[in-house]
Every structure is written in C-alpha cells, then in structure tokens.
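K.L.:
Numbering (full-length UniProt numbering), first residue to last: 1 to 121. Even glycine gets a Cβ: it sits at the ideal position worked out from N, Cα and C.
1) Below 8 Å on the Cβ atoms is my guess for residue 49 versus residue 16; work out the distance and round it to an integer in Å.
2) If you count every other CB in all the chains shown that lies within 10 Å of the CB of residue 117, and 16 or more means buried, which is it?
3) Applying the 10 Å Cβ sphere with the 16-neighbour rule, what's the burial state of residue 4?
4) Which value, in whole angstroms, describes the spacing of the CA atoms of residue 98 and residue 87?
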C-alpha cells in the first residue's frame, strides 16, 4: 500500500501509536521523520517516546482520524497549506458531528416532553 497525502487511518482508543507505525510500515518504507501525522482532534504531533502509549493516553478523541502529509523540505508553503487544509477539514468534520449530536439530543428532549404532555392529558 503506497503512502500518500490522501491516506486516512482510523484506530481504536486502546490501540498503541506503534500500531499506526506498523500499519504504515507494511512495505518497509515508512520513516516517521518524512511524514506529518495529524490527529484530527485535538491536533498535536507524536514523538518516538510516545510509541508505546495508547491513543487514549495521548489524549486523542475516541473518534480521532489520522491524516498523513508528506514533508517536503524544499516547499514548506505547500506542506503548510496541506496541513492547514487537513486541519480545517478534520475540525469541520468534528464540529459537524457535534452539531448532529446536539440536534439529536434536542429532538429526543422535545419528543420526550411531547410524550409527557400527552400522558398528562
């Protein structure tokens, strides 16, 4: 499986960062120093000392998605643009999911309230 900037990986909160490295290194060519690994929420970078920690221990959101962006030392503007775009995209997805959750809770509240009003009659 070739690595590219479109690669997206999902992992359970109890999996370890090493699991991500192992998945990326299936063809033996993955070098963490050559890639930005971006966690969708909250955004932070990982270091080698974090390898044996679980994603939960690292503070990743349970629905976190990991994006890969190839580091390009000759063109930092392009890399920054790609990083910024991925951050905007993942943050938008996260906020939209929270909005869906809130709307669902409000609908359940009003359905419950309506049921109580009908029961009181």
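P.N.:
Walking through what the data contain:
1) Not quite, the Cβ-Cβ distance comes to about 13 Å (not below 8 Å), so this is no contact.
2) It is exposed - the Cβ of residue 117 has fewer than 16 other Cβ atoms within 10 Å.
3) Bear in mind that the predicted position of residue 4 carries a pLDDT of just 49, short of 50, making it unreliable; the figure below should be weighed with that in mind. It counts as exposed.
4) If you take the alpha carbons of residue 98 and residue 87, they lie about 16 Å apart.
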